[in-house]
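Residue numbers (this note's numbering): 1 to 131. All C-beta atoms in this analysis are idealised placements derived from N, C-alpha and C, irrespective of residue type, glycine included. Quick caveat, the model's predicted, so the values are computed rather than measured. Since the structure comes first, as structure tokens, the remarks are kept for the end.
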Amino acid sequence: MKVIIAVIVIVGLLGAFSYGQEILIRLQGKPVYDVEEATPITYNNLAADTKATLNKEDVRLILDLEFEFQREVGITGEKPKKEVKDYTKEAIEFILQESEKKGKNFTNKQISDVLMAEEVYLEKLGVLEKK
């Protein structure tokens, strides 16, 4: 029972710390990527043919896997862990492999279209200049 309570307290503290970090970033004026906000914006900006083959949960999975790719190569950390020569190509390959492990068989085009549609959200955040 003590172990369960300790785990709950630790998880709660980690959640509070994470939330506190997000508030601090917002107060400092830095944009915060919110996948809950990014998912519907990305989905709504998909090309019609791709939108017909994916649902919002698929888009969310692709966005989550893209973030996992960024963490793995160190893009979201302080120091890059490895050099990324072609972001889109390497991200798509990573997402294809990882989504397959989760029982999803996305195509290169579907993933590419999601990454392109995500740019609308990134422009809204101000981290990507409009084309």
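Quiz prompt | For ASP34, three-class secondary structure by DSSP | solution = In the sequence shown, residue 34 corresponds to position 34, counting from 1. Here ASP34 sits in coil by DSSP.
Item to check | the region 49–56 in contact with the region 64–76 per 3-pair CB rule at 8 Å | outcome: no
- Between which two residues does the alpha helix (DSSP H) carrying LEU46 extend? Residue 46 sits at position 46 when you count from the first residue of the sequence shown. Unbroken run through LEU46: none, as it is neither H nor E.
Query - Neighbour-count burial assignment, THR76, 16 or more Cβ in a 10 Å radius - result: Mapped onto the sequence shown, residue 76 falls at position 76. So THR76 ends up on the exposed side.
*Taking the alpha-carbon positions, what's the ASP58 to LYS82 distance?*
As a first step, residue 58 must be located in the sequence shown, where it is residue number 58. As a first step, residue 82 must be located in the sequence shown, where it is residue number 82. Each residue's Cα considered, the two are about 27 Å apart.
| request: Give the C-beta separation of ILE62 and VAL120 to the nearest angstrom, bearing in mind that I take them to be a contact with Cβ-Cβ under 8 Å. | output: Looking up residue 62 in the sequence shown gives position 62. Looking up residue 120 in the sequence shown gives position 120. Going by Cβ atoms, the distance from ILE62 to VAL120 rounds to 15 Å, so no, they are not a contact pair.
Where does the unbroken alpha helix (DSSP H) through ALA202 begin, and where does it stop? Limits of the chain in this structure are 1 at one end and 131 at the other, which puts residue 202 out of reach.
Notebook entry, point to check: Checking contacts by CB at 8 Å: is ASP113 closer than that to chain B?
Noted result: Structure shown: chain B not included; a single protein chain is present.
Ends of the alpha helix (DSSP H) at ILE95? Residue 95 sits at position 95 when you count from the first residue of the sequence shown. Here the alpha helix (DSSP H) through ILE95 covers 87–101.
Contacting residues, own chain, Cβ-Cβ under 8 Å from GLU37 (five flanking each side not counted)
Counted from its first residue, the sequence shown places residue 37 at position 37. If we look at GLU37 and ignore the five residues flanking it on each side, its Cβ neighbours are TYR121.
**Asked** Looking at the structure shown, is ASN108 part of a helix, part of a strand, or coil, going by DSSP?
**Response** Locating residue 108 in the sequence shown gives position 108, counting from the first residue. The answer is helix: DSSP assigns ASN108 an H, G or I state.
* Please state whether DSSP places GLU123 in a helix, a strand or coil. => Residue 123 sits at position 123 when you count from the first residue of the sequence shown. If DSSP states are grouped into helix, strand and coil, GLU123 belongs with the helices.
| message | Please state the DSSP three-state secondary structure of VAL59. | response | Your numbering for residue 59 matches position 59 in the sequence shown. If DSSP states are grouped into helix, strand and coil, VAL59 belongs with the helices.
So, is LYS130 buried or exposed, given that buried needs 16 or more other C-beta atoms within 10 angstroms?
On the sequence shown, residue 130 is found 130 positions in, with the first residue counted as 1. Answer is exposed; the Cβ neighbour count stays below 16.
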